[in-house]
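In the working numbering, the protein residues as written are 6 to 127.
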């Protein structure tokens with residue numbers, strides 16, 4: 006079942022990042038981004054992160070490219086990520102905002118670190 010949460014990393018923040026996480030298995034590797042399900046995957050959760058856009062741009066080529074004007078998201082105050090792990094994106098956003106120390110080490114699994122590496126490779 007999908008749930009929606011909010012995590013504020015910047016007050017007041019100027020950008021909302023919606024991260025939608027899917028579970029289950031994909032069928033033939035197909036992904037249906039705009040539907041309520043990816044093919045063979047079940048919508049698990051959506052979390053809204055309130056962040057500072059400049060922090061993302063300064064720390065990530067991916068977000069810098071996204072804000073350069075060629076992407077639809079470059080002029081708005083929200084973006085959507087539909088193929089990322091929520092916890093791994095939270096860790097990246099906390100790193101960018103210098104709040105990573107607020108997450109206890111024992112709450113970060115090896116799988117989440119792996120998802121962080123995958124997200125960082127974009």
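For every residue, glycine included, the Cβ atom is placed at its ideal position computed from N, Cα and C.
In the DSSP annotation of this structure, residue 105 is not part of any alpha helix (DSSP H), being labelled neither H nor E. By the CB criterion at 9 Å, residue 51 and residue 10 fall inside the cutoff. With a cutoff of 9 Å on beta-carbon distance, residue 102 and residue 58 are scored as not near each other. Comparing alpha-carbon positions, the option among 121, 27 and 62 lying closest to residue 96 turns out to be 121. Closest in C-alpha terms to residue 125, from the list 81, 64 and 20, comes 64. Here residue 111 is not bridged, per DSSP, to any residue.
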